[in-house]
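Residue numbers (our numbering): -15 to 435.
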Ligand SMILES: C[S@@+](CC[C@H](N)C(=O)[O-])C[C@H]1O[C@@H](n2cnc3c(N)ncnc32)[C@H](O)[C@@H]1O
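See the structure below:
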């Protein structure tokens, strides 16, 4: 077997991320954009000792659960790798991913996945890279998303995950860049000005636009064009990032227009959001996710609670009125600034926000107060071991672990189980429809003999 070889195969199953799986020459073959039960011609794209990656180049026998042909799938799968799979099959793939990843001795319950009523056009945040194509003396500015495992931009033709207004804003920015001949950053040559655009929107229909560039540049004309065309735009920032890095946003935000924040509402509370503050990308599913976490938490008026990795305080403030006191810990200073403002806006007095790394800051709470419950909602890389060690030493009776990275959650849950905790139940939540990512909420209790 060698690279680019083609084979006719039957796809035996899905892997946990929804790739097709078959076998050739005693190796497991993962097939992009092919579905269980399909017959396909595949092309080998990379070869390893025990497994091989490939992509489908022709579907000979189509699955009844396929909703998009291969040509369309190839165009869109960089942004949404389960775009070709019907929604019921997508949910089964995600439930199966949770079952196969969380391996534990506990006799825990897996609840049915929390479905989305709207698996398309749900994203309230887009980060869109810009590029340019030069032919003879003509240049075309393009924008889109990166093709899988590359920095080649695939132009967005129609918006599948985001909304119509964001698409129109992007189109206007592209026209402006062409018309005013603004150079586009070329990461191989490390030359050029314009890099990316971030657009955020809220349930109140407030939009925030962040223009990411390598140097300061006068965008007054663009700001006028955007704000006269789109009344929903409440805030425009410039973010200057001169580093050659995969991290899109630097700390250098400069407000070009409007308000420094936009307003979100989550479960009846108002939240101001700065561009650097984390906000869940799917508003409706976020509310269902929190409600499920609060059900598991069984909040009581006499509880002291920690909300670790709290962002702008959306969990912290939503539980404050139901408990005695809640501490929110978060590393991004702007998110904590938002959280403290959000506390005032919502007239809450029993929440304390702490700015710093959870692994350091939680130590300061060890001898302060008896903590009854802790929420963790870390980024995809999961919790720092040092943080888990402190939680274990504090003998906190109940943990609600919200995770967007199932394999790191499995790793952390194992550590907690080896140290006196028992996984009781886990609920998958479809926060990232049409992609193979799956959010989970887990409940762990401290076993009786450890209390
Ligand atoms: C998945 S978000 C969750 C935020 C919040 N719970 C929510 O639902 O909006 C993870 C948050 O953890 C923060 N973070 C990342 N590493 C951290 C650390 N070591 N200590 C504290 N916060 C951290 C990020 O800035 C981000 O706001």
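Positions of the beta carbon are idealized from the N, C-alpha and C atoms, including for glycine.
_Just verifying my parser: in three-state terms, what is the DSSP assignment at residue 428?_
As a first step, residue 428 must be located in the chain shown, where it is residue number 444. Residue 428 falls in the strand class under three-state DSSP.
*Quickly, what does DSSP pair residue 68 with across the bridge? List them, please.*
Here residue 68 refers to the residue found at position 84 of the chain shown. None; residue 68 has no bridge partner.
*Nearest to residue 386 by alpha carbon, out of 37, 363 and 334?*
In the chain shown, counting from the first residue as 1, residue 386 sits at position 402. The shortest C-alpha separation from residue 386 is found at 363.
*Can you tell me the Cα-Cα spacing of residue 110 and residue 146, whole angstroms?*
Numbered from its first residue, the chain shown carries residue 110 at position 126. Numbered from its first residue, the chain shown carries residue 146 at position 162. One Cα belongs to residue 110, the other to residue 146, and the distance between them is close to 7 angstroms.
*Endpoints, the beta strand (DSSP E) within which residue 119 is located*: Mapped onto the chain shown, residue 119 falls at position 135. First-last of the beta strand (DSSP E) with residue 119: 109 to 119.
_Give me the DSSP bridge partner(s) of residue 7._
As a working mapping, residue 7 is identified with position 23 in the chain shown. Residue 7 pairs with 12.
*Assess, as a yes-or-no matter, whether the stretch 54 to 62 is touched by the stretch -3 to 10 under the definition of 3 or more beta carbon pairs within less than 8 angstroms.*
no
*residue 175: which of 433, 166, 223 and 148 sits nearest, CA to CA?*
Counted from its first residue, the chain shown places residue 175 at position 191. Out of 433, 166, 223 and 148, 166 has the C-alpha closest to the C-alpha of residue 175.
*Do residue 426 and residue 266 have their C-beta atoms within less than 9 angstroms of each other?*
Walking along the chain shown from the start, residue 426 turns up at place 442. Walking along the chain shown from the start, residue 266 turns up at place 282. No. Outside cutoff.
_Local conformation of residue 309 per DSSP, three classes_ = Along the chain shown, one-based indexing puts residue 309 at 325. Strand at residue 309.
_Within 9 angstroms of any Cβ in chain D, is that where the Cβ of residue 425 sits?_
The structure shown has no chain D; it contains just one protein chain.
_Please return the same chain residues whose Cβ sits closer than 7 angstroms to the Cβ of residue 193, not counting the five positions on each side in sequence._
Residue 193 sits at position 209 when you count from the first residue of the chain shown. Around residue 193: 153, 181, 183, 210, 217 and 220.
*Hey, would you say the C-beta of residue 422 is under 8 angstroms away from at least one heavy atom of ligand 1?*
Within the chain shown, the letter at position 438 stands for residue 422. Every heavy atom of ligand 1 is 8 angstroms or more from the Cβ of residue 422, so no.
*What number of angstroms, rounded off, separates the C-alpha of residue 118 from the C-alpha of residue 126?*
Here the question's residue 118 lines up with position 134 in the chain shown. Here the question's residue 126 lines up with position 142 in the chain shown. When rounded, the distance between both Cα atoms is 11 angstroms.
_Cβ neighbours of residue 103 in the same chain (closer than 8 angstroms, five flanking residues each side left out)_ = Taking the first residue of the chain shown as 1, we reach residue 103 at position 119. Closer than 8 angstroms at Cβ, skipping near neighbours: 71, 74, 414, 417 and 418.
*Relative to ligand 3, is the shortest distance from any of its heavy atoms to the C-beta of residue 278 smaller than 8 angstroms?*
By its list of ligands, the structure shown excludes ligand 3, since it contains just ligand 1.
*In whole angstroms, what separates the C-alpha of residue 151 from that of residue -5?*
Within the chain shown, the letter at position 167 stands for residue 151. Within the chain shown, the letter at position 11 stands for residue -5. For residue 151 and residue -5, the distance between alpha carbons rounds to 36 angstroms.
*In the stretch 120 to 158, which residue ranges form an unbroken beta strand (DSSP E) of at least 3 residues, counting only runs that do not cross its ends?*
122 to 130 and 137 to 139
*If you run the structure through DSSP and keep just helix, strand and coil, what is residue 280?*
Counted from its first residue, the chain shown places residue 280 at position 296. Looking at residue 280 - three-state DSSP - the assignment turns out to be helix.
*In the DSSP assignment, what are the bridge partners of residue 375?*
Indexing the chain shown from 1 puts residue 375 at position 391. Partner(s): none; residue 375 has no beta bridge.
*In terms of alpha-carbon separation, which member of 281, 268 and 253 lies closest to residue 301?*
As a position in the chain shown, residue 301 is number 317, starting the count at 1. Ranking 281, 268 and 253 by Cα distance to residue 301 puts 253 first.
_DSSP has residue 415 in a bridge; who is on the other side?_
As a position in the chain shown, residue 415 is number 431, starting the count at 1. Residue 415 is not bridged to any residue.
*To the nearest whole angstrom, what separates the beta carbons of residue 233 and residue 222, a pair I think is in contact under 8 angstroms?*
Position 249 of the chain shown, counted from the start, is the residue given in the question as residue 233. Position 238 of the chain shown, counted from the start, is the residue given in the question as residue 222. Not quite, the Cβ-Cβ distance comes to about 11 angstroms (not below 8 angstroms), so this is no contact.
*State yes or no: is the C-beta of residue 269 nearer than 8 angstroms to some heavy atom of ligand 1?*
Stepping through the chain shown from its first residue, residue 269 is reached at position 285. Not so, every heavy atom of ligand 1 lies at least 8 angstroms from the Cβ.
*Taking 8 angstroms as the cut-off, is the CB of residue 412 close to at least one heavy atom of ligand 1?*
Along the chain shown, one-based indexing puts residue 412 at 428. No.
*With respect to the alpha helix (DSSP H) encompassing residue 303, which residues constitute its N-terminal and C-terminal limits?*
Taking the chain shown and counting its residues from 1, the one referred to as residue 303 is at position 319. That run of the alpha helix (DSSP H) goes 298 to 304.
*asked:* My output table needs one value for residue 292: the three-state DSSP class, helix, strand or coil.
replied: Position 308 of the chain shown, counted from the start, is the residue given in the question as residue 292. DSSP places residue 292 in strand when its eight states are reduced to three.
*Can you have a look at residue 155 and say buried or exposed, based on whether 16 or more other CB atoms are within 10 angstroms of its CB?*
Sequence index remark: in the chain shown, residue 155 carries index 171 (1-based). Exposed, by the Cβ-count rule.
*asked:* Buried or exposed for residue 412, going by 16 or more other Cβ atoms inside 10 Å?
replied: In the chain shown, the residue the question calls residue 412 occupies position 428. Label assigned to residue 412: buried.
*asked:* Taking the alpha carbon of residue 403 as the reference point, which residue from -3, 228, 369 and 357 has its own alpha carbon closest?
replied: Taking the chain shown and counting its residues from 1, the one referred to as residue 403 is at position 419. Nearest option by C-alpha distance: 369.
*asked:* Using the three-state DSSP reduction, which class does residue 436 fall into: helix, strand or coil?
replied: The structure shown does not extend to residue 436, since the chain is modelled only from -15 to 435, so the question has no answer here.
*Any chance the stretch 344 to 361 sits against the stretch 369 to 385, with 3 or more Cβ pairs inside 8 angstroms?*
Flag = yes, the stretch 344 to 361 and the stretch 369 to 385 touch.
*Report the residue from 299, 391 and 250 whose alpha carbon sits nearest the alpha carbon of residue 360.*
Residue 360 sits at position 376 when you count from the first residue of the chain shown. Residue 360 has its Cα closest to that of 299, out of 299, 391 and 250.
_Please tell me whether, using a cut-off of 8 angstroms, the distance from the CB of residue 6 to the nearest non-hydrogen atom of ligand 1 is below it._
Residue numbering aside, residue 6 sits at position 22 when the chain shown is read from its first letter. No, Cβ of residue 6 sits at least 8 angstroms from all heavy atoms of ligand 1.
_In whole angstroms, give me the CA-to-CA distance for residue 106 and residue 329._
Here residue 106 refers to the residue found at position 122 of the chain shown. Here residue 329 refers to the residue found at position 345 of the chain shown. Approximately 27 angstroms between the Cα atoms of the pair.
_Quick check: does the Cβ of residue 337 come within less than 8 angstroms of any heavy atom belonging to ligand 1?_
Residue mapping note: residue 337 aligns to position 353 of the chain shown, counting from 1. No.
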